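Chemist:
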Amino acid sequence: MLKRVVVTGASSGIGAATVRRFAELGWQVVAVARRADRLRELADETGAHAIVCDITDEEAVRRMAAEVAETGGASALVNNAGGAIGTDSVEASDNDEWRSMFEVNVLGLRSVTAALLPVLREATRAGEGGAKHGWASILNLTSTAGLAAYPGGGGYNAAKYAAHAVTEVLRFELAGEPIRVMELAPGLVHTEEFTLNRLRGDAENAEKPYENLIPLTAEDVAQVLVGAFEQPPHVNQDLIVIRPVAQSSVFHAHRGPLAAKTQEQ
586 MLKRVVVTGA
596 SSGIGAATVR
606 RFAELGWQVV
616 AVARRADRLR
626 ELADETGAHA
636 IVCDITDEEA
646 VRRMAAEVAE
656 TGGASALVNN
666 AGGAIGTDSV
676 EASDNDEWRS
686 MFEVNVLGLR
696 SVTAALLPVL
706 REATRAGEGG
716 AKHGWASILN
726 LTSTAGLAAY
736 PGGGGYNAAK
746 YAAHAVTEVL
756 RFELAGEPIR
766 VMELAPGLVH
776 TEEFTLNRLR
786 GDAENAEKPY
796 ENLIPLTAED
806 VAQVLVGAFE
816 QPPHVNQDLI
826 VIRPVAQSSV
836 FHAHRGPLAA
846 KTQEQ
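Quick look at the structure:
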């Protein structure tokens, strides 16, 4: 089976960690992101094929898909690109910021998926060893913010709920084809940029969500994510939710040492 995967949002955080993990396991990787300098560094490190692409630009996405097809095709897609802006209330928030979040988290995901589906289908046409068909996989990285709303979630909640819905619709639409559609929804993940971008560059407060607990890392998420692709190809992990042990829901995280309760407690 062709083991070549396209990863969007690959220049940092979970995307970069995912590229590294796939490469460690012997996959060919196509790393897609906007930032050419970071992408080149990652490609030099991992051997990935780098494609500079803004997934909110449909023409750029079409060119990216054509390059993937011309350079060896792909049997797997990780829609990782995404992001959040602001923690304002619905009343006080900005439509332009909501629009930006929908462009990358929802419309970009749709554009990339639509452009690469013909490439993924091509990977399923010829099986190995006399098999009637090959297999392909799509995994959309969403968030627990797309499964439960919270105050200040606003446009990010709405965008991730939409991405969750798109994933479910796609699974219905591809039923009967040898293409699995998976979703990974992480909880609290400490990456270099997510909260900093969400707080519009406020470095002083960007670390506060991670204080006094052990959050997930990008590498934690990548290990679980890539593991889903390493399962037998007929196994579809529809929805994978991962959180740090200290986080029981989007509403609550235990801050402080973890310890077993005594009988008195």
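Residues in the sequence shown are numbered consecutively from 586, following the numbering used here.
Each residue gets a CB set at the ideal place from its N, CA and C atoms; glycine is no exception.
Remember, it's a predicted structure, so these values are computed and weren't measured experimentally.
Comparing alpha-carbon positions, which option in N690, V835, M686, L810 lies nearest A748?
Modeler: In the sequence shown, residue 748 corresponds to position 163, counting from 1. The shortest C-alpha separation from A748 is found at N690.
Chemist: For T641, which of helix, strand or coil comes out of DSSP?
Modeler: On the sequence shown, position 56 is the one that residue 641 refers to. Of the three classes helix, strand and coil, the one that applies to T641 here is coil, per DSSP.
Chemist: Using the C-alpha atoms, what's the distance from V697 back to A654?
Modeler: The residue given as residue 654 occupies position 69 in the sequence shown. The residue given as residue 697 occupies position 112 in the sequence shown. Cα to Cα, A654 sits roughly 13 Å from V697.
Chemist: How do the segment 735-749 and the segment 794-804 stand: do at least 3 beta-carbon pairs fall below 8 Å, yes or no?
Modeler: no
Chemist: Measuring straight from C-alpha to C-alpha, what distance separates V704 and A616?
Modeler: The residue given as residue 704 occupies position 119 in the sequence shown. The residue given as residue 616 occupies position 31 in the sequence shown. Roughly 16 Å between the two C-alpha positions.
Chemist: Contact check, I723 vs N665 under 8 Å by CB: the rounded distance?
Modeler: By one-based count along the sequence shown, residue 723 stands at place 138. By one-based count along the sequence shown, residue 665 stands at place 80. By a beta-carbon distance limit of 8 Å, I723 does not contact N665. Their separation comes to about 12 Å.
Chemist: T641 to P818, Cα distance in whole Å?
Modeler: Here residue 641 corresponds to residue number 56 of the sequence shown, with the count starting at 1. Here residue 818 corresponds to residue number 233 of the sequence shown, with the count starting at 1. So the two alpha carbons sit approximately 30 Å from each other.
Chemist: Determine whether the beta carbon atoms of L539 and L759 lie at a separation below 8 Å.
Modeler: No answer is possible for residue 539: it lies beyond the span of the chain, which begins at 586 and ends at 850.
Chemist: Which class does V754 belong to by DSSP, given the choice of helix, strand or coil?
Modeler: Counting from one through the sequence shown, the residue named residue 754 turns up at place 169. Correct three-state label for V754: helix.
Chemist: With a threshold of 16 other CB atoms inside 10 Å of the CB of R589, please say whether the residue is buried or exposed.
Modeler: Here residue 589 refers to the residue found at position 4 when the sequence shown is read from its first residue. By the 10 Å Cβ count, R589 comes out buried.
Chemist: Let me confirm a value: T776 is counted as buried when at least 16 other C-beta atoms fall within 10 Å, else exposed. Which label applies?
Modeler: Counting from one through the sequence shown, the residue named residue 776 turns up at place 191. With 16 or more other Cβ atoms within 10 Å, it is buried.
Chemist: Less than 8 Å between the CB atoms is what I'm expecting for T752 and R828, so what's the real figure, rounded?
Modeler: Counting from 1 along the sequence shown, the entry for residue 752 is found at position 167. Counting from 1 along the sequence shown, the entry for residue 828 is found at position 243. In fact, because the Cβ distance is near 19 Å, the residues do not count as touching under 8 Å.
Chemist: Identify every residue that forms a DSSP beta bridge with N725.
Modeler: One-based indexing of the sequence shown puts residue 725 at position 140. Note: N725 sits in a beta bridge opposite N664, E768.
Chemist: Quick one: give me the first and last residue of the alpha helix (DSSP H) that I599 is part of.
Modeler: For the purposes of this step, residue 599 is taken as the residue at position 14 of the sequence shown. Per DSSP, the continuous alpha helix (DSSP H) segment holding I599 begins and ends at 598-609.
Chemist: Between the beta-carbon of R623 and the beta-carbon of S597, is there less than 8 Å?
Modeler: By 1-based counting over the sequence shown, the position of residue 623 is 38. By 1-based counting over the sequence shown, the position of residue 597 is 12. Cβ atoms of R623 and S597: closer than 8 Å.
Chemist: What's the C-alpha gap between V830 and A803?
Modeler: Mapped onto the sequence shown, residue 830 falls at position 245. Mapped onto the sequence shown, residue 803 falls at position 218. Looking at the two C-alpha atoms, the distance is approximately 16 Å.
Chemist: At which residues does the alpha helix (DSSP H) containing T672 begin and terminate?
Modeler: Mapped onto the sequence shown, residue 672 falls at position 87. Counting along the chain, T672 falls outside any alpha helix (DSSP H), and DSSP gives it neither H nor E.
Chemist: What is the rounded straight-line gap between the Cα of E682 and the Cα of H718?
Modeler: Position 97 of the sequence shown, counted from the first residue, corresponds to residue 682. Position 133 of the sequence shown, counted from the first residue, corresponds to residue 718. When rounded, the distance between both Cα atoms is 43 Å.
Chemist: Please name the residue, chosen from V604, K793, A813, that lies closest to V766 on a Cα-to-Cα basis.
Modeler: Counting from 1 along the sequence shown, the entry for residue 766 is found at position 181. Comparing Cα-Cα distances from V766 to each of V604, K793, A813, the minimum goes to A813.
Chemist: Nearest-angstrom Cα distance between L732 and L773?
Modeler: Looking up residue 732 in the sequence shown gives position 147. Looking up residue 773 in the sequence shown gives position 188. The straight-line gap separating the alpha-carbon atoms of L732 and L773 is approximately 14 Å.
Chemist: Can you give the Cα-Cα distance for Q533 and R840, rounded to whole angstroms?
Modeler: With the chain represented from 586 up to 850, any question about residue 533 goes unanswered, as that position is not in the structure.
Chemist: Quick check: the Cα distance between R648 and E676, rounded to an integer number of angstroms?
Modeler: Position 63 of the sequence shown, counting from 1, holds the residue named residue 648. Position 91 of the sequence shown, counting from 1, holds the residue named residue 676. C-alpha separation (whole angstroms): 39 Å.
Chemist: Please determine, among V614, S834, D823, Q822, the residue with the shortest C-alpha to C-alpha distance to G658.
Modeler: Numbered from its first residue, the sequence shown carries residue 658 at position 73. Ranking V614, S834, D823, Q822 by Cα distance to G658 puts V614 first.
Chemist: With distances taken Cα to Cα, identify the nearest neighbour of D805 among T603, L843, M586, V591.
Modeler: Looking up residue 805 in the sequence shown gives position 220. Of the listed residues, the one whose Cα sits closest to D805 is T603.
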